[in-house]
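This report concerns only the one structure given below.
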Amino acid sequence: MSSSSTFKGLFKAGQTVFFYHPQDSWIVGVIESVDPNNKKGAYQVKPSPSLNSDPISNENPIFLNEDLLYAFSEDLLKLDHNDLLSMSELHEVTLLNCLRNRFKKDIIYTMIGGVLAVAMNPFKWTIPYVQDDQMDLYINQSKTVMPHAWSIADNAYRIMAETKQNQSILISGESGAGKTEGCKTVIKYLSKLSCSITSDEKIRERASKIALKIQECSPILESFGNAKTQRNDNSSRFGKFIIMQFDKDGVILGAFMYNYLLEKSRVISQSIGERGYHIFYQLLAGCDAKKKQELFLTKPEDYACINGGKCFKVDGVDDAKEFQEVVKAMNIVGLSQEEQDAIFRIVAAVLNLQSIKFTPKGDASEVENRTFLNNASTLLKLDASSLEKALTSMYVTAGKDLILKGLSPTKACDARDAFSKALYDATFNWIIRKINQNLDASKDHKVDNFIGLLDIYGFEAFQKNSFEQLCINYANEALQGVYNNYTFKRDVEECKQEGIDATAVTFNDNAECIELIQKGVVNSITDCCKSNSSDFDFLDNVKKLYLKKSKFFDASPLKKEEFIIKHYAGDVAYDVNGWIEKNKDTLNNDLFKLTKTSKCSFISALLEDNGGAKDTVAESFRKQLNVLLSTINSTRPHYIRCIKPHPAKKPNMFSTTEVMNQLRSSGVLETVKIRREGYSVRMPFDQFYHRFKVIHLQNSSRRVTDCKTIEEMKKACEEIISQVGFDKVKAQIGKSKVFMRHYAYSDLEVLKNQKLIQYATIIQSALRSLKSKRELAHLKKLKKEEEERIYYEKHKEEIERKRKEEEERMRIERERMEREEAERKRLAEIKRQEEERISREKREREEVLMREQIKLNKLKEIQMKKIEELKRIETEKEERERVKRELEHYENGKTLAEEPTSVRIWRVDDGKIVGFNLSEARKDLLYRIRTDQLYTLEECKILIKDIVRVMKNDAERDFKNLLFLSKLRTEVLYPKPIISNYIPESHGLDGFFDHPDIKKLIYGKVVIKAIDPSNSKESILVAKEKLKLLVLNINKNIVKLIDHALIQRKERLLIIATILDELETSSIKKYLHPNELLVVMQKIKQQQQHHP
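Residue numbering for the sequence shown follows full-length UniProt numbering, starting at 1 and increasing by one per position.
The following block contains the structure:
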């Protein structure tokens, strides 16, 4: 990282800062000196080992400029955010510290916005929250969960389900960062999630089988496409894009797979400490003796193409067991036994082919070890002599003739290598096609949506970079372009939502770099391949087109065979040696034709036809990449950036330099850069104000204690921004946040520190003053104590005498108070005991009275029972006499109605009413009904007439009063009479006389005749019971009549009382003489009292 910036004086000597160390990335140090004129750097900084948690490689001071320094804070060493964008200041320092702190807590996933996750490879899978049994928490969304690859997958799936928009998850990182494991994790989660959304058992069972097939692709692809490298024991040596297909309900239907850039060179050789593809070692370890004999297999050390790395075993890996897993996966995915046998024969054939050696034979060559030749030809079902001929010679065109030309041992080895790579590459591609054939749902179902998973090489920059690195970095550059555009658009969208003008926000667009590779380098090398030019012709052509014409292209100052491309992740020097041949990737036509003669149909159809013009590797990859980018651009992308924390591949180890390089190459720092180019600092109003309130004007109307609402905080923030003179380019006020450029934030920090220094000076002055005052007060205190000591020594006897006297006086006073207190407590205790005694005696008396009362009540109850028993006996006696009398009447042929009877209590013989009272009559009736002393029919008839006469008289009198009062009320209070509101329409007798029993009683005679002409005793008893029931019903109806009369009477009197109340409270005196009013009131009230 270069250091060049204008000196601003942001930092001071002696200040602790973060600074960029060439070997250790960002670490903590102390500024020893500041010299703006020093060309090496204005600041001399020395690392501070005590403040750095990791060891420092070099503790010598270095010179740096301001852009490689960052203000130190203890809080920055403790950063821990689930989402890095939630940090107020997004910088390499904050980014690195946050990731390191989380990694040490075994939190390996961290979000950057909603679509990007940084995944640190822990090199241990015992962390609780990444275990498969935790997957249901993310599927059920039962609570807030930690960031995870599952949360990225879950977010993509739910967006797809809601919006019906296709999604993509792009997983990238360097070898050993955990891309393959991350891809498998996402596939497993999406498979389980899509199966869980349906309750249909048949659909769920079918989806589960499909999901299992997709997951079982991983062991096959890893076996044939992964190998042990120095950086990773299970390194993917190819890229893949897996499309997981879903129906309209989100249930998984199938998958389709694309593969890119298989590293074919690994088939023939490896570096020290590395291995070839896993399948070679798995086949050798996993086959039984019979199968080994059929495939001519021995042990890994015997085969040249896999023993170059001198590494045959990997710690913790069981090749034999993994081979069985591969065979099991092939069966599940749908590869037949014949197809599996053919694949394993080709793998074994490659091992034998690569062990063939050639010796010179004149100008040509011949096979030295024919055993391997015979083995390979048998496995490929080819003629051995034809295979030898194709490997050691080739037909060339001389004019119109074809001439067989022998090949030197070197050329023969090249032909052998090309043939082996072609066979292995074609086999790998066939496996991919077969998987697609068995899993692709588009041929049988309607695929409504898909989620694409991209697992591809990360950015590569080695000491020597060749054609393969260019292709890999070309892909990463293009993918970074997609990410830049998407991230920038989201950034601008947030600004718009906050009402921020984002027209001044820009970012480093790498579109020109992509075009340089796509149209410049790829086109140039393709043209050179077609014209049979050399590698250096290609280099000269590229330099001519782009040197000093493109800011992304440069020539290497050290090596003439190199050129430099300035990628987003850093400059990479590419060595052009061998590029033309690698780009052509041609196979001897004789070998191609030879495979068509194989007696194995699988092998004869394996290699693609060479007829017609064949695309170069660069052309083919460009087309594949364009299709991939087109697909990704049609989706909503999500990103997982995998980071390897330490090259040792061991748990709990974190290298700041290693991580920072990967953050840079994976584009994470480019994300930071995009945010820094825009408004990288985004603080909520309250946070901004509390941080920079010291800058606020002292006479401002908005002090921190006054800012309670969001509007007040916003106003205060606007005042600070205005006070420091920031324009809209440097800072803007949004709806809930303050948006600032990073340099504006740095300027505010400087101003804040300056203010703090000023306040510190004032505080220090005040403290010094306070300290002087305290020292003076202390001296005065000492002086006073000394004076008191001298005085004491001088008057010691007198002081002691007074002290003793005072102590004696205090003792006497204390004893007196103690006696008084003891006496008070004694009297209080006596009083309490007396009150308790009185209360106890009172309770005892009450209990005695209560017992006596209970006895008395029991005696009364016994007496009442005796009285009731006597009454009952008397009633029964009277009833017997009455029945006897009535029977005598019946026997003499007389009716009950003919016997003269009179009503007692309220009636006299002359027929005049004396003190007649309906309420008393009602009570009497109820008592008679209850005691079975009913009025006879004649008595009922007389009683009804009396009641009716009383009711009519009362009603007439009340109507007269109501008419009078209503008229008077209308004249006094209202312009019109409203008599209908007060005078009832009837006296309440309507309907009573319609009862047939009442009609007979009043208007006719009631005669009870015997049913039996013989007038038997039984018939008389029946007639008696009927008569008794009739009498009972009439008595009850009379009660209802009286109730009716009382209710009507009460309503009329209530109306009269209401009118009287109105007349009493009105100004009636103006219209009626007081004497007249008094007479009216007295008259009406007398009537009310007479008839309550």
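Where is the CB? At the ideal position from N, CA and C, for every residue including glycine. Just so it is clear, the structure is predicted and the values come from calculations on it, not from any experiment.
- Within the region 629-684, the complete beta strand (DSSP E) segments at least 3 residues long are 636-643, 681-684, listed from N- to C-terminus.
- Three or more Cβ pairs drawn from the region 7-24 and the region 55-68 lie within less than 8 Å of each other, which places the two stretches in contact.
- Apart from sequence neighbours up to five positions away, the residues of its chain that approach L606 with a beta-carbon distance below 6 Å are A426, ordered along the chain.
- The beta carbon of H148 sits closer than 6 Å to those of Y109, all from its chain and outside the five residues before and after it, given in chain order.
- For K46, the three-state secondary structure derived from DSSP is strand.
- Taking a 10 Å sphere around the C-beta of V333, we find 16 or more other C-beta atoms and assign the residue as buried.
- K421 counts as buried, since no fewer than 16 other beta carbons sit within 10 angstroms of its beta carbon.
- Sequence-distant Cβ neighbours of G273 in its own chain, meaning closer than 7 Å and more than five residues away, are Q230, G309, C311.
- Burial state of K960 is exposed, judged by a 10 Å Cβ sphere holding fewer than 16 other Cβ atoms.
- By the criterion of at least three beta-carbon pairs nearer than 8 Å, the region 155-170 is not in contact with the region 218-238.
- Around the beta-carbon of K866, fewer than 16 other beta-carbon atoms lie within 10 Å, marking it exposed.
- The DSSP-derived three-state label of L1053 is helix.
- Per DSSP, reduced to three states, the secondary structure at M87 is coil, with no helix or strand assignment.
- When secondary structure is reduced to three states using DSSP, H1044 falls in the helix class.
- In the DSSP annotation of this structure, the continuous segment of the beta strand (DSSP E) that includes T16 starts and ends at 16-21.
- Rounded to the nearest angstrom, the Cβ distance from Y639 to L116 is 4 Å, consistent with a contact under 8 Å.
- Excluding residues up to 5 positions away in sequence, A13, Y43, Q44 lie with their Cβ nearer than 8 Å to the Cβ of S33 in the same chain.
- Under a 10 Å Cβ-count criterion, H795 is classified as exposed, with fewer than 16 other Cβ atoms of the shown protein chains found around its own Cβ.
- For T595, the uninterrupted alpha helix (DSSP H) run begins and ends at 589-595, by DSSP.
- Following the DSSP letters along the chain, one finds L516 in no beta strand (DSSP E), marked with neither H nor E.
- Residue range 449-455 is occupied by the beta strand (DSSP E) that includes D455.
- Between K184 and the set K202, D200, W150, I306, the nearest pair of CA atoms involves W150.
- Taking C-beta atoms as the reference points, E263 and E468 count as a pair closer than 9 Å.
- A direct Cα-to-Cα measurement between L170 and D455 gives close to 7 Å.
- Rounded to the nearest whole angstrom, the CA to CA distance from E852 to E834 is 27 Å.
- When C-alpha distances from I214 are compared across L77, L594, T180, F256, the shortest belongs to F256.
- Where D575 is concerned, the enclosing beta strand (DSSP E) starts and stops at 570-575.
- Judged by pairs of C-beta atoms under 8 Å, the region 238-258 touches the region 182-198, as three or more such pairs exist.
- T595 and E494 have their alpha carbons spaced roughly 60 Å apart.
- Between the region 733-742 and the region 681-688, the count of C-beta pairs closer than 8 Å reaches three or more; the two stretches touch.
- K179 and G29 have their C-alpha atoms spaced approximately 35 Å apart.
- Rounded to the nearest whole angstrom, the CA to CA distance from Q270 to F536 is 27 Å.
- At the C-beta level, M111 and L85 come within 9 Å of one another.
- It is roughly 8 Å from the alpha-carbon of R1052 to the alpha-carbon of L962.
- Between V267 and V350, the CB-CB gap stays under 9 Å.
- Here the alpha carbon of K715 sits roughly 30 Å from the alpha carbon of Y70.
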